[in-house]
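Below is one structure, written out as structure tokens; the observations come after it.
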Amino acid sequence: MSVVIDGKYLILKDRHYTETDEWILINGNIATVGITDYAQKKLKDIVGIELPQVGREVIIGEQVAVVESVKAAADIFSPLSGSVLEVNKELQSSPETINKDPYGRGWIFKLKIKDEKEVSKLLNFEQYIISIKQREGI
Amino acid sequence: MFSSPLLDIETKLNADIGEFANWKMPMKYTSYQDEHLLVRRSVAFFDISHMGRLKVSGNQNELELLVSKEISKNKPNSIIGPTAFLNDKGGFEDDVMIYKVSENEFLIVTNAINREKITNWIGKNSGLNVEDLTFKYGMLAIQGRNVWNFIEKAEVKPLEFILNTKFLGENVFLLSRSGWTGEDGLEVWADANTLTSIIQKLLKLGIKPAGLIARDSLRQEMGYVLYGEDIDSNITPVEARYWVFSLDKDFIGKEKIMEHIENGVNRIRLGFKLKKDDRLLPRKDYKIKSPLGSRDVGYVTSSTFSPYLNRVIGMGYIKPEYAYIGYELAIDIRGKQVKAKISDFPLINTR
Chain Z
1 MSVVIDGKYL ILKDRHYTET DEWILINGNI ATVGITDYAQ KKLKDIVGIE LPQVGREVII
61 GEQVAVVESV KAAADIFSPL SGSVLEVNKE LQSSPETINK DPYGRGWIFK LKIKDEKEVS
121 KLLNFEQYII SIKQREGI
Chain W
139 MFSSPLLDIE TKLNADIGEF ANWKMPMKYT SYQDEHLLVR RSVAFFDISH MGRLKVSGNQ
199 NELELLVSKE ISKNKPNSII GPTAFLNDKG GFEDDVMIYK VSENEFLIVT NAINREKITN
259 WIGKNSGLNV EDLTFKYGML AIQGRNVWNF IEKAEVKPLE FILNTKFLGE NVFLLSRSGW
319 TGEDGLEVWA DANTLTSIIQ KLLKLGIKPA GLIARDSLRQ EMGYVLYGED IDSNITPVEA
379 RYWVFSLDKD FIGKEKIMEH IENGVNRIRL GFKLKKDDRL LPRKDYKIKS PLGSRDVGYV
439 TSSTFSPYLN RVIGMGYIKP EYAYIGYELA IDIRGKQVKA KISDFPLINT R
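These protein sequence lines map, in sequence, to chains Z and W.
Position one of the first sequence corresponds to residue 1 (the working numbering), numbered consecutively onward.
Position one of the second sequence corresponds to residue 139 (the working numbering), numbered consecutively onward.
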């Protein structure tokens, strides 16, 4: 299930979002995190990534990764507190996967959720659509 | 904000439209890496309508004093360039291509951000008449080593141009043979409708579009500068190692150039290459450090991921005492010291 904003930006209904354009797919106490289609389109061609260390303890809002695009270096923030369970190592040699498949093979890291109450602080897809529309003035 | 006159057809071609130098332009269509490699291996076309196009008329000797390369000796229908307008401190007002139409008429292609500045600067420093043709014509570049496999070989020779001619059956104002990618190719100036027809014909011939991101990575591989990034009004051609001047003539800024040649410079432009696994882009003004990281020895002005070399490349200014080709310096990328091998231009060997 998905929505396309302004004919351009794909938003999936099955996940949560942040104002800083991360998406979060929650499965039990594990959160898979990536950047949204909107974010990858704004960044344009992605050419590199700095991934977090597996096992690292992070708190909500902490900078955990950097996505390098031809346009800018974008910080990726942890949407929840927890520990980094797994990172998508394939992105190191083919970071452009984030451009090609931001919600699928372009996932960035998985987090073991520490405090499930924090999930309520995330945006649902409707709130994220409003956030993009505000930023785009549409 | 200005817009390319070709945005309608480009939008239909799925262009990702972005902003460059206060112009709305196609940044890419698919991925810049694919478009880049298309130019290196085959051919693609670019919309470069954002570049300033000026018609300058009057006494050739007056223009000769403003521009750093000799223009009097050139024949009509030849292109002098790249060359530059320098200020009295030898710094770049702009780097330009000059098309000599006749002894008293020239067409000048400026960087998009400098179009108005150069119009005013010529007016202030000479009695030459300047007419801005930027909004009268758009401009397309067709670039790539296989260009003649797709298009019948043009009559125009490298660094020459023809006015009021036919291209792909269309009447165009100008057809020239130069480029900014390191590959062979053509440029066409024509009104928007004509260029739209030409784009449709190019597509039918199998030539695909490319955007300005690919243009940027192509020029960086060759070591070509971008105004505002790698050169500006404080940098001289000697520092930039950009041989856009002739010492056999007088021109504004020559004195400072002579001084730099006589006494040496405190910084020179060189390229660098990162290791294959270091997929980090050193951004403009990031510091270049001595090999062990104890001293600041320069700064970055441009960088990109080279699709041809499959690694990060870039350029910047380095103190001459550290500017050895093959030397491994470090670049401070957000606190991380990343090794960078100093390299001369071009950064790729295309043949």
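By construction, the Cβ of each residue, glycine as well, lies at the ideal position given by its N, Cα and C atoms.
Just so it is clear, the structure is predicted and the values come from calculations on it, not from any experiment.
- Proximity to S428(W) across R421(W), G436(W) and K422(W) peaks at G436(W), based on C-alpha coordinates.
- Going by DSSP, V376(W) is part of the alpha helix (DSSP H) stretching over P375 to A378.
- Runs of the beta strand (DSSP E) lying entirely within the segment 177-247 of chain W, each at least 3 residues long, are 182-185, 190-195, 216-224 and 230-240 in chain order.
- Not flagged as an interface residue toward chain Z: K422(W), since no C-beta distance is shorter than 8 angstroms.
- Residues are counted here when their Cβ sits less than 9 angstroms from a Cβ of chain Z; for the segment 139-171 of chain W these are D154, G156, M165, K166, S169, Y170 and Q171, given in chain order.
- Its chain contains I336 and K339 as the residues whose beta carbon lies nearer than 6 angstroms to that of L306(W), once the 5 sequence neighbours on both sides are disregarded; these appear in chain order.
- Residue environment: Q40(Z) is assigned as buried (16 or more neighbouring CB atoms within 10 Å of its CB, all protein chains considered).
- According to DSSP, R407(W) shares a beta bridge with Y455(W).
- Counting C-beta pairs with one atom in each stretch, the segment 409-422 of chain W and the segment 247-263 of chain W have fewer than three that are closer than 8 angstroms, which means they do not touch.
- Closest option to W107(Z), judged by alpha-carbon separation, among N29(Z), T18(Z), D115(Z) and V33(Z): V33(Z).
- Taking 8 angstroms as the cut-off between beta carbons, the residues of the segment 417-444 of chain W near chain Z are R417, L418, L419, R421, T442 and F443, in sequence order.
- For G261(W), the uninterrupted alpha helix (DSSP H) run begins and ends at R253 to N263, by DSSP.
- For I60(Z), no beta strand (DSSP E) segment is defined, and its DSSP state is neither H nor E.
- For E68(Z), the chain W residues whose Cβ falls inside 7 angstroms of its Cβ are R417, L418 and L419, in order along the chain.
- If the five residues before and after V3(Z) are omitted, its C-beta is found closer than 6 angstroms to the C-beta atoms of I11, all from its own chain and listed in chain order.
- Residue environment for Y462(W): exposed (fewer than 16 other C-beta atoms within 10 angstroms of its C-beta).
- Contact between N215(W) and Y365(W) is absent: CB atoms are separated by about 26 angstroms, not below the 8 angstroms threshold.
- From the listed residues L418(W), V363(W) and T442(W), the smallest Cα separation to A352(W) is found for T442(W).
- DSSP places S335(W) in the helix class (H, G or I) of the three-state scheme.
- Of the residues Y275(W), R178(W) and L145(W), the one whose Cα lies closest to the Cα of L356(W) is R178(W).
- Annotated three-state conformation of D115(Z) is coil, per DSSP.
- Between the beta-carbon of L224(W) and that of Y237(W) there is about 20 angstroms, and that puts the pair past the 8 angstroms contact cut.
- With its beta carbon at least 8 angstroms from every one in chain W, V58(Z) lies outside the interface.
- With a beta-carbon spacing of about 16 angstroms, I24(Z) and I98(Z) fall beyond the 8 angstroms limit used to define contacts.
- Taken atom to atom, the span from the alpha-carbon of E90(Z) to that of H16(Z) is near 24 angstroms.
- C-alpha of L145(W) to C-alpha of G464(W): approximately 44 angstroms in a straight line.
- Closest in alpha carbon position to I217(W), among T168(W), I390(W), E293(W) and V247(W), is V247(W).
- Residues of the segment 344-356 of chain W whose Cβ lies closer than 7 angstroms to any Cβ of chain Z, in chain order: I351.
- Secondary structure in the segment 417-454 of chain W: no alpha helix (DSSP H) run of 4 residues or longer lies completely within the stretch.
- Residue contact with chain W for N88(Z): absent (no Cβ-Cβ distance below 8 angstroms to any residue of chain W).
- Between V67(Z) and I46(Z), the beta carbon gap of about 6 angstroms places them in contact (Cβ cut-off 8 angstroms).
- For E116(Z), no chain W residue has a C-beta closer than 8 angstroms to its own C-beta; the minimum C-beta separation is roughly 33 angstroms.
- Per DSSP, reduced to three states, the secondary structure at D101(Z) is coil, with no helix or strand assignment.
- In this structure, the CA atom of V268(W) is about 11 angstroms from the CA atom of L201(W).
- Contacts with chain W (Cβ-Cβ distance below 9 angstroms) from the segment 89-100 of chain Z involve Q92, S93, P95, E96, N99 and K100, listed in chain order.
- With a cut-off of 8 angstroms on Cβ pairs, the segment 226-235 of chain W is in contact with the segment 386-394 of chain W, counting three or more such pairs.
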